[in-house]
Amino acid sequence: MLRAGCRAALPRRPLGSAARRGAGGAGAGEEGLKQTPLDALHRARGGRMVPFAGWTLPLHYGQGHLQSHLHTRRHCSLFDVSHMLQTLVYGRDRVRFMESLVVGDIAELKPGQGTLTLLTNEKGGITDDLIVTNTSEDHLYVVSNAACADKDLAILRDRAAQLQATGSDVHVEVSDNALLALQGPSMARVLQAGLSDDLAKLSFMNSVTTTVFGVPGCRVTRCGYTGEDGVEISVPAARAVELAEQFLGVPDVWLAGLAARDSLRLEAGLCLYGNDIDETVTPAEAGLMWTLGRSTSTSSLGQAEKQSVPSGYKGTSQASPTLTHLCPAGKRRRVAMDFPGAAVIMAQVKEKPRRRRVGLTSVGPAIRPHMAILGPEGRPVGTVTSGCPSPCLGKNIAMGYVEAAHSRTGTKLTVEVRKKQHPAVITKMPFVPTHYYMAK
Amino acid sequence: VLSKVARSPCFQKEDSQSEPSGERTKVAARFSRDCRSQTAGCWLQGASAAQEGDRARKFTDKHEWVSVENGIGTVGISDFAQEALGDVVYCSLPEVGTKLSKHDEFGALESVKAASELYSPLSGEVTEINAALADNPGLVNKSCYQDGWLIKMTVANPAELDELMTEDAYEKYIKSIED
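Chains A and B, in that order, are what the protein sequence lines are. The number in the numbering used here is simply the position in the first sequence, starting from 1, with 7 added. The number in the numbering used here is simply the position in the second sequence, starting from 1, with 40 added.
Right, dumping it as structure tokens:
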């Protein structure tokens with residue numbers, strides 16, 4: 008099996024799902040794969056196209072993966088993430104609707120504020136990770152993973168129908184828009200040139216609808232999947248190419264594809280659904296309990312959780328602006344336990360999870376998904392879920408789950424790489440410092 | 041090295057965003073790894089031998105090449121393979137003295153994205169590994185037929201060479217799998 012170059016990390020979606028994009032949006036490509044509005048642009052600019060979650064998307068462009076990754080950290084990259092599912096939730100009862108499905112405190116979100124949250128199942132496992140934004144208009148704006156699109160949409164629609172049947176006012180709509188991510192230290196300068204709004208006032212996880220380089224009706228959210236200061240721009244499909252070309256007209260801005268997207272997010276300590284989190288993993292095991300709000304508990308669980316939480320997510324000692332906006336302020340949802348699987352999750356919190364998500368670093372051959380992690384006696388104590396050589400660090404980074412007893416930062420373990428054992432050490436994440444922006 | 045070829049029928053080479061190759065070398069050099077080099081031999085001699093052996097280069101269906109000169113085979117991967125792999129950041133190579141049978145896995149090349157195993161084109165014993173790859177794994181991409189050679193080995197069974205593809209046959213083979 009060719010495991011290099013041309014296959015993206017995420018599981019592929021079966022073909023045959025009805026294309027959800029309307030006219031002017033994506034068409035059908037080779038082998039029934041969906042195309043984003045930027046498909047022709049990717050091909051014209053040397054995109055190496057691969058199937059991914061039912062879509063045809065660029066893995067990288069002419070300059071290669073390494074260069075693209077480093078360029079994002081030094082300058083600015085443009086990613087087409089139109090394959091992600093964008094839904095709009097309308098109606099008076101939209102917050103109650105959303106909170107019946109996710110763990111986060113949606114009610115406390117200020118107008119324009121968003122949060123990373125989790126859809127959970129009845130067993131306490133994670134169905135998807137997604138961003139929910141309380142727009143200052145009349146709806147919630149939800150972005151979730153392409154690989155979970157059919158699953159998520161079914162859940163949202165079923166719950167909406169349930170609530171409607173009892174007289175609630177809620178309505179779910181899928182957005183046809185393209186979604187462009189502009190990420191890197193130069194993003195603010197590049198984007199400001201096309202905005203009349205003052206970008207300095209837009210903090211991480213906040214969102215506005217505005218005109219960008221003459222294209223009206225764009226939703227600009229200061230968030231991303233790279234650890235850098237960046238935005239995701241939801242743009243009407245018919246004008247997506249025009250907007251992309253405006254950005255690409257700036258020499259500082261390069262196109263980047265799925266390959267760089269994956270290595271960047273791993274350096275930033277961000278989970279990939281399907282690898283690092285899935286239906287069989289709880290937020291407690293995944294170190295994502297902060298999505299339920301801050302815990303005022305001083306238990307040792309809180310300490311261990313801090314070690315595995317990407318330090319960019321919660322208030323930390325990091326010098327760069329922290330992400331307290333990302334973490335719901337209170338513990339209403341923990342206490343109310345009014346989300347799917349709450350009993351299982353809160354029981355795990357109380358008794359402490361038996362396994363924990365951790366970061367690992369090593370040198371030598373890279374640590375890759377599914378490799379066994381061995382403890383001090385040489386016994387398997389865990390499994391790798393993501394891994395690659397870090398372009399920025401010049402060593403290998405990885406995420407995996409290990410038995411709680413062996414999960415402290417600094418623990419020395421070994422990883423089995425092609426039948427040989429190599430030392431690895433548990434490392435706090437993010438592996439590379441993040442640069443999320445907070446307005447003064 | 042590639043046992044299944046990824047199909048990308050719409051791939052077009054486009055140099056609009058390429059950087060000078062010097063930058064690429066610098067980037068690749070960050071990945072300083074020990075390739076367990078035990079060679080005391082002069083690998084420069086090996087490089088010129090590879091040039092003289094150009095005409096005799098044979099290929100496997102897994103995209104390794106071998107070129108035999110004075111009873112020593114120099115092994116590398118093809119341009120097609122290095123292109124598909126992307127930037128090589130680490131080379132896992134065997135120790136000198138390792139005995140290989142044809143088809144044996146003898147190491148791996150790591151790109152950021154994934155690792156790809158290397159399969160021996162011949163039976164023989166490893167006499168040398170390319171020490172330059174420890175500090176400069178990107179040589180595999182930049183110069184896959186010359187400076188990016190991987191190992192040298194004895195040829196225990198010269199008849200095995202006849203089972204491999206000539207350069208022409210390999211070109212045809214690549215075209216057939218790309219379509």
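Glycine residues also receive a C-beta, built at the ideal position from the N, C-alpha and C atoms.
Query raised in the report: In the DSSP assignment, what residue or residues form a beta bridge with T43/A?
Result: For this step, residue 43/A is matched to residue 36 along the first sequence. According to DSSP, which records beta bridges pairwise, T43/A is partnered with nothing at all.
Would F120/B pass as an interface residue toward chain A - the criterion being a Cβ-Cβ separation below 8 Å? Residue 120/B sits at position 80 when you count from the first residue of the second sequence. So no, F120/B is outside the interface.
**Q.** Against chain B: residues of the stretch 72-94 of chain A by CB proximity under 8 Å
**A.** H72, L73, Q74, H76, L77
Three CB pairs or more closer than 8 Å across the stretch 263-276 of chain A and the stretch 240-247 of chain A:
No, the stretch 263-276 of chain A is not in contact with the stretch 240-247 of chain A.
Identify whether D135/A lies in helix, strand or coil by the three-state DSSP scheme.
If you number the first sequence from 1, residue 135/A lands on position 128. Here D135/A sits in strand by DSSP.
Contact list for D127/B against chain A, beta-carbon separation under 7 Å: The residue given as residue 127/B occupies position 87 in the second sequence. Going along chain A in sequence order, the residues near D127/B (Cβ under 7 Å) are G71, H72, L73.
**Study point:** Contacts that A373/A makes with chain B (C-beta to C-beta distance below 7 Å)
**Key:** Residue 373/A sits at position 366 when you count from the first residue of the first sequence. Against chain B, the beta carbon of A373/A has neighbours under 7 Å at Y130, E150, A155, listed in chain order.
Who are the neighbours of C395/A on chain B, taking C-beta pairs under 8 Å?
The residue labelled residue 395/A in the question sits at position 388 within the first sequence. The answer, in chain order, is V152, K153.
Boundaries (first-last residue) of the beta strand (DSSP E) holding F86/A:
On the first sequence, residue 86/A is found 79 positions in, with the first residue counted as 1. F86/A -> beta strand (DSSP E) spans 83-87.
Subject >> chain B contact residues for P2/A, given Cβ-Cβ distances below 7 Å >> reply: Within the shown structure, residues of chain A are numbered from 8 to 447, placing residue 2/A beyond reach of any answer.
Exercise. Return the CA-CA distance between R166/A and L125/A, expressed in angstroms with no decimal places.
Key: Counted from its first residue, the first sequence places residue 166/A at position 159. Counted from its first residue, the first sequence places residue 125/A at position 118. Cα to Cα, R166/A sits roughly 16 Å from L125/A.
If the criterion is Cβ atoms closer than 8 Å, does the pair V128/B and H72/A meet it? For the purposes of this step, residue 128/B is identified with residue 88 of the second sequence, where counting begins at 1. For the purposes of this step, residue 72/A is identified with residue 65 of the first sequence, where counting begins at 1. Cβ distance not < 8 Å, so V128/B and H72/A don't count as in contact.
I112/B to M378/A span [Cα, whole Å]
Start at 1 with the first residue of the second sequence, and residue 112/B comes out as number 72. Start at 1 with the first residue of the first sequence, and residue 378/A comes out as number 371. A direct Cα-to-Cα measurement between I112/B and M378/A gives close to 36 Å.
Over the uninterrupted alpha helix (DSSP H) stretch that includes K215/B, give me the two end residues. Numbered from its first residue, the second sequence carries residue 215/B at position 175. Counting along the chain, the alpha helix (DSSP H) containing K215/B begins and ends at 207-218.
Could you check if V179/A belongs to the surroundings of the ligand MN, using beta carbon to heavy atom distance under 7 Å?
Within the structure as shown, the ligand MN is missing, as the structure has no ligands at all.
Kindly indicate which three-state DSSP category N213/A falls into: helix, strand or coil? By one-based count along the first sequence, residue 213/A stands at place 206. Residue state, collapsed to three classes: strand.
* To do: Let me know the secondary structure DSSP gives I240/A once reduced to three states.
  => Within the first sequence, numbered from 1, the residue matching residue 240/A stands at position 233. Assignment of I240/A by DSSP, reduced to helix, strand and coil, places it in the strand class.
- Message: Please state the DSSP three-state secondary structure of W297/A.
- Response: The sequence position of residue 297/A within the first sequence is 290, counting from 1. Looking at W297/A - three-state DSSP - the assignment turns out to be helix.
- Task: Indicate whether at least one CB of chain B lies closer than 8 Å to the CB of R425/A.
- Result: Looking up residue 425/A in the first sequence gives position 418. It does; some Cβ of chain B falls within 8 Å.
Under 9 Å Cβ-Cβ, which residues of chain B neighbour S270/A?
-> For the purposes of this step, residue 270/A is taken as residue 263 along the first sequence, with counting starting at 1. Those within 9 Å of S270/A in chain B are V152, K153.
#### Entry: Cβ of A291/A within 8 Å of any chain B Cβ
Sequence index remark: in the first sequence, residue 291/A carries index 284 (1-based). For A291/A, the answer is no, since every Cβ of chain B falls outside 8 Å of its Cβ.
- Query: Is the distance from the Cβ of E104/B to the Cβ of P177/B below 8 Å?
  - Reply: Walking along the second sequence from the start, residue 104/B turns up at place 64. Walking along the second sequence from the start, residue 177/B turns up at place 137. Contact flag unset, no.
Problem set entry | Any chain B beta carbon closer than 8 Å to A266/A | What you label residue 266/A is simply residue 259 of the first sequence in a count that begins at 1. It does; some Cβ of chain B falls within 8 Å.
Worksheet item: Within the 8 Å Cβ cut-off, does S77/B reach chain A?
Response: Sequence index remark: in the second sequence, residue 77/B carries index 37 (1-based). Low confidence applies to S77/B: its pLDDT is 32, below 50, so where it sits in the model is not reliable, and the reading given next is rough at best. With 8 Å as the cut-off, S77/B does not count as an interface residue toward chain A.
Can you tell me whether DSSP reads T289/A as helix, strand or coil?
-> Here the question's residue 289/A lines up with position 282 in the first sequence. The answer is coil: DSSP assigns T289/A none of H, G, I, E or B.
In chain order, what residues of the same chain lie with their CB nearer than 7 Å to the CB of D204/A, ignoring the 5 residues before and after it? Counted from its first residue, the first sequence places residue 204/A at position 197. Contacts found: V215, T217.
Handout entry: Reduced DSSP secondary structure (H/G/I, E/B, other) of V166/B
Key = Walking along the second sequence from the start, residue 166/B turns up at place 126. Of the three classes helix, strand and coil, the one that applies to V166/B here is strand, per DSSP.
Burial state of L277/A (16 or more Cβ within 10 Å): The sequence position of residue 277/A within the first sequence is 270, counting from 1. Buried.
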